[in-house]
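Residue numbers (the numbering used here), protein chains in the order written: chain X, 13 to 369; chain Z, 2 to 354.
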Amino acid sequence: MRHTWVRLHAFIFNWRHIFTEELVALVLVLFIFIAPASAAMRFQERSLYMNSTVPGASTSYEVSFRYMSPQPVGSVDMLFCVDPIPYHECVSPSGLDVSRAVLNSQTGESNFAILSKSTNRIVLSRSTASIPTTVSSYKFDNVVNPTDSSQSFSIRLKSLASSDGTGAQIDFGSVKGQVTEGVEIATQVPPMLIFCLAEEVEYNCTGSNDTYYTDMGALNSNSTLKAYSQMAVGTNASGGFAITANGTPMSAATNVIESPSSPTESLPGTNQFGINLVENSNPGVGQNPEGEYANAIPSPNYSTPNMYMYIPGDVVAYSPNVSLMKKFTVSYILNASPSLRAGVYTSTMTFVASGRF
Amino acid sequence: MKSFKSTVIAGLAVLFFAVALLPAATTSAQSSAALSIVPKKNYVIEPGKTVKDTLTIRNLDSEKELILNLRIVDFTFSDDGGTPKLMLAEDAPQTTWSLKPFMTIPKSVTVKPGGSKTVDLGVKIPASQGAGSYYSAILYAAGSADGGNVGLSASGVTLAFVQVPGEVSESLKLEKFGAYFAATASNKGSYKTFMATKPQSIAYTLKNEGNVTESPVGTITLKNMFGQEQKIDNINPNSSLALIGQSRTFTACIKLASENVEFEGRATQSSSCTEPDLWPGLYTASLDMYYGQNGNNTQEVHSTASFWYLPWWFVIAFIVVLAALAFGIWRLVDKFKGRNFSNQRKKLSRRRK
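Pasting the structure below:
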């Protein structure tokens, strides 16, 4: 065994004069520079300009990109799919049609003509020629936009050495496009947000007890004043909804009853104004949210029984997506310290229901 | 005459008290607080052009009029989700992305009981306006009640987004990627690497450092230890946005369940995450994400993340199997040692003999 090591060392020592450190470094540098050129690379500065983004409109597309590999290119394949990933199955964007597309103009690497086209594919061809490093662009007229504005689409691009769009790819990459809702498109079911508020409301917002304020009674340091209000909300918008509670805490002139900034239990004898959106036993007030749809929930800070807080502007309930009607009961508690100045303490709570982005 | 005077004075006094008490009575007869509005509007408007649209407002109360005051307020993000933080104060400073200078709406609207009304909305983008995203909210405020300790007021909001096409600055930086447990009523949403319960979604958090709102697209491929793949086709199913400056968490269900539900008499598709088919073990998720505005470079973000799904039953079973194996090996070794020892003793006794 020892002899083997000695022989190996002697062998390497002899070759050391031929394979110097400099030579090894040169080989490594060449490897780094040459290797990518022989492998497929991503097109750079890829973009798609849609002259009109109205769903289903007949318009022009301008596809631009920079060729990266120095190999001669004979054809460019453009495949229109929902998914941009080149090795995934291609699903054609609904409504898109490039079968009547015309190559209107080309800059950079040019002399291409349309070799073949289908509903979602265009193959450009020319005599195989070397490529420059400038950005090239190709403008197509008579392209019919996809009709689904809820999802984007992509064009999977690849350059090939052959002139007929076959064989191994040289460079590849995808560009993203999306149609947007036109103002004039009024045929689709519009998203809507339904919201109602009162001391008591119907589950589907069709009625209420018409009371929009509540008198909590006379403050004293021994007991907790309580009240409740209800709100119902629902949306068919995919982004869901959010309800924020706004308004200053209870005040009388310059005297303010502060609110806890984190969930806190009711503490008689201290100045405290708080709310939550669940059923409580201390004091007994409120109800849990009503409605079978589970998407809409109270925010974590306002969903612990017997724990109250209030920060103006806080989200008190939300749904991350479509939510059928749900009714929330807001519980209010009010405590006062013996030193609280006399006065009529009031607050206006504004609940704002909004969509989400 | 005297009695007439006192009658008049008494009558005036009664009238005075009646008027004084009137506000409390009118509060219960105030505007309806039940409305239906459009939650979001999107427009693409070229510089120098104007878009005219309408907003439909419905009064769900069949007895009272709905009286709304309309105004434009700015908003930003409140967290890494899609909830807007509305700047409701009258003196709130205007944001750099505000639509206030470009948007016109009526100041108030009254909707008959059970009826609906459309109001005009105009957005005019000046010819000199630079490309980018502009957004504000239209606030519909029902009047607040007077009386009692707590007055209640309902408001609705329509979020309005305008995209001005042209060359824009786009930059999304990936901050986090991995298995995600969505927020519940008792917990906030969080990323996890080790988990005892099945994750229902994969999420990624992107910081938007550009001057436009971004809505990324792409796929996530989930691979188990044995190379089996599951693909999440749409990583942004709700076309959610990352606002300017926001670190936005986008979630995608590993297994999506869709159902058709009826909302206000109209069929609506509702989607939610359902329990995925995952076995205990190590999983690797690969993110392939694309973004870019019309006419701008399409940009890519690729990343991988790993997580362990180890339910308690699996951990306990694994420990039991491991302990059984260890015990078996120990017994074997012990047996072998014992045999060796007895052999040695036998040899020793033979030598003595």
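C-beta atoms are modelled at their ideal positions from N, C-alpha and C, and glycine is treated no differently.
Self-check item: Within 8 Å of chain X by C-beta, residues of the segment 144-174 of chain Z in sequence order
Solution: Taking 8 Å as the upper bound on Cβ-Cβ separation, chain X lies near residues SER145, ALA146, ASP147, GLY148, GLY149, ASN150, VAL151, GLY152, LEU153, SER154, ALA155, SER156, GLY157, VAL158, THR159, LEU160, PHE162, GLN164 of the segment 144-174 of chain Z.
Quiz prompt | Under 7 Å from the C-beta of Z:ALA186: neighbouring residues of chain X | solution = Those within 7 Å of Z:ALA186 in chain X are ILE309, PRO310, PRO312, SER315.
Quiz item: Quick one: is X:ALA47 near chain Z, going by C-beta distance under 8 Å?
Solution: Caution is warranted here: a pLDDT of 43 is assigned to X:ALA47, below 50, making its placement in the model unreliable, and the coordinate value is therefore given only provisionally. False, the Cβ-Cβ gap to chain Z never drops below 8 Å.
Quiz item: Under 8 Å between C-beta atoms, does X:GLY377 make it to chain Z?
Solution: The structure shown does not extend to residue 377 of chain X, since chain X spans only 13 to 369, so no value can be given for it.
Quiz prompt | Contact set for X:ALA69: own chain, Cβ-Cβ below 6 Å, skip 5 residues either direction | solution = Spatial neighbours of X:ALA69 in its own chain (CB-CB distance under 6 Å, excluding positions within 5 residues in sequence) are listed in chain order as ASN157.
Quiz prompt | Length of the line joining the Cα atoms of Z:GLU64 and Z:GLY115 | solution = The C-alpha of Z:GLY115 is placed about 7 Å away from the C-alpha of Z:GLU64.
Exercise. Would you tell me roughly how many angstroms separate the C-alpha atoms of X:ALA257 and X:SER149, rounded to the nearest one?
Key: Rounded to whole angstroms, X:ALA257 to X:SER149 spans 52 Å at the Cα level.
Exercise. Might you give, ordered along the chain, the residues of its own chain that have their beta carbon closer than 6 Å to the beta carbon of X:ARG58, omitting 5 neighbours on each side?
Key: If we look at X:ARG58 and ignore the five residues flanking it on each side, its Cβ neighbours are PHE77, GLY185, VAL187.
Practice problem: Helix, strand or coil for X:SER359, going by three-state DSSP, please let me know. | Solution: Strand.
Quiz item: So is X:PRO82 buried or exposed if we call it buried at 16+ other beta carbons inside 10 Å?
Solution: The Cβ neighbour count for X:PRO82, taken over all protein chains shown within 10 Å, is under 16; the residue is labelled exposed.
Exercise. Check whether the Cβ atoms of X:ILE167 and X:PHE92 lie closer than 8 Å to each other.
Key: Their beta carbons are under 8 Å apart, which means X:ILE167 touches X:PHE92 by this criterion.
Quiz item: Contact check, Z:SER134 vs Z:THR214 under 8 Å by CB: the rounded distance?
Solution: With a Cβ gap of about 4 Å, Z:SER134 and Z:THR214 count as contacting.
Practice problem: Compare the Cα-Cα distances from Z:ARG267 to each of X:PRO203, X:TYR314, X:PHE285, X:LEU289 and report the closest residue. | Solution: Closest by alpha carbon: X:PRO203.
Quiz prompt | Among X:ARG368, X:TYR224, X:ILE255, X:LEU289, nearest to Z:ASN150 - alpha-carbon criterion | solution = For Z:ASN150, the closest C-alpha among the options X:ARG368, X:TYR224, X:ILE255, X:LEU289 is that of X:TYR224.
Self-check item: Contact set for Z:PRO85: own chain, Cβ-Cβ below 8 Å, skip 5 residues either direction
Solution: Cβ neighbours of Z:PRO85 beyond the five flanking positions: PHE76, THR77, PHE78, SER79, ALA138, VAL158, LEU160.
Quiz item: Does the distance from the CB of X:GLY189 to the CB of X:ALA264 come in under 8 Å?
Solution: The answer is no: Cβ separation not under 8 Å.
Quiz item: For Z:LYS50, which three-state DSSP category applies?
Solution: Three-state result, Z:LYS50: coil.
Quiz item: In this structure, what does DSSP give as the bridge partners for X:ALA244?
Solution: Answer is X:CYS208, X:LYS339, bridged to X:ALA244.
Quiz item: The beta strand (DSSP E) with Z:GLY282 in it runs from where to where?
Solution: First-last of the beta strand (DSSP E) with Z:GLY282: 282-292.
Practice problem: Have a look at X:THR341 and X:GLN242 and give me their C-alpha separation to the nearest angstrom. | Solution: Cα atoms of X:THR341 and X:GLN242: separation of roughly 4 Å, rounded to the nearest angstrom.
Quiz item: Taking 8 Å as the CB-CB cut-off, is X:TYR57 touching chain Z?
Solution: Contrary to the premise, residue 57 of chain X reads as Glu rather than Tyr in this sequence. Chain Z contact via Cβ: present.
Practice problem: Evaluate X:ILE134 with the Cβ neighbour count: other Cβ atoms within 10 Å of its Cβ, from every protein chain shown; 16 or more gives buried, anything less gives exposed. | Solution: So X:ILE134 counts as buried.
Exercise. Compare the C-beta of X:LYS188 against all C-beta atoms of chain Z and say whether one is closer than 8 Å.
Key: With 8 Å as the cut-off, X:LYS188 counts as an interface residue toward chain Z.
Quiz prompt | Assigned secondary structure, X:SER349 (DSSP; H/G/I helix, E/B strand, else coil) | solution = Coil at X:SER349, not helix or strand.
Quiz item: When you compare only the Cα positions, how much space is there between Z:ASN60 and X:GLU211?
Solution: The alpha-carbon atoms of Z:ASN60 and X:GLU211 are separated by roughly 18 Å.
Practice problem: Return the chain-ordered list of same chain residues with a C-beta closer than 6 Å to the C-beta of Z:THR275, the five sequence neighbours on each side being excluded. | Solution: Only LYS256, ALA258 meet the Cβ criterion.
Quiz item: Who are the near neighbours of X:CYS217 in its chain, counting only those whose CB is closer than 6 Å to its CB and skipping five residues on each side?
Solution: If you ignore the 5 residues before and after X:CYS217, its C-beta comes within less than 6 Å of the C-beta of ILE206, CYS208, ALA244, all in its own chain and listed in chain order.
Practice problem: Please list, in chain order, all residues of the same chain as X:MET361 whose beta carbon is under 7 Å from its beta carbon, the five residues on each side excluded. | Solution: Excluding residues within five positions, the ones whose Cβ falls inside 7 Å are ALA257, GLY259.
Self-check item: CA-to-CA distance, Z:GLN201 to Z:PHE319, given in whole angstroms
Solution: Cα to Cα, Z:PHE319 sits roughly 24 Å from Z:GLN201.
Quiz item: Among all the DSSP beta bridges, which residues are the ones paired with Z:VAL110?
Solution: The partner list for Z:VAL110 (beta bridge, DSSP) reads Z:LEU69.
Exercise. For X:ASN248, decide whether its Cβ has a neighbour in chain Z, counting only Cβ atoms nearer than 8 Å.
Key: Answer yes: the Cβ-Cβ gap between X:ASN248 and chain Z drops below 8 Å somewhere.
Quiz item: Who are the Cβ neighbours of X:ILE182 in its own chain at under 7 Å, not counting the five residues just before and after it?
Solution: Non-local C-beta neighbours of X:ILE182 in its own chain, meaning closer than 7 Å and more than five positions away in sequence, comprise ALA52, SER81, GLN83, VAL85, SER171, LEU172, ALA173, ordered along the chain.
Practice problem: Under 6 Å Cβ to Cβ from X:ASN288, same chain only, skipping five residues before and after it: list those, please. | Solution: TYR314, TYR320, SER343.
Exercise. Starting from the beta carbon of Z:SER37, find every residue of chain X whose beta carbon is closer than 9 Å, and list them in chain order.
Key: Here the neighbours are MET204, LEU205, ILE206, PHE207, CYS217.
Quiz item: Going along the chain, which residues of the segment 76-100 of chain Z sit with their C-beta nearer than 9 Å to a C-beta in chain X?
Solution: PHE76, PHE78, SER79, ASP80, GLY82, GLY83, THR84, PRO85, LYS86, LEU87, LEU89: these are the residues of the segment 76-100 of chain Z whose beta carbon lies less than 9 Å from some beta carbon of chain X, given in chain order.
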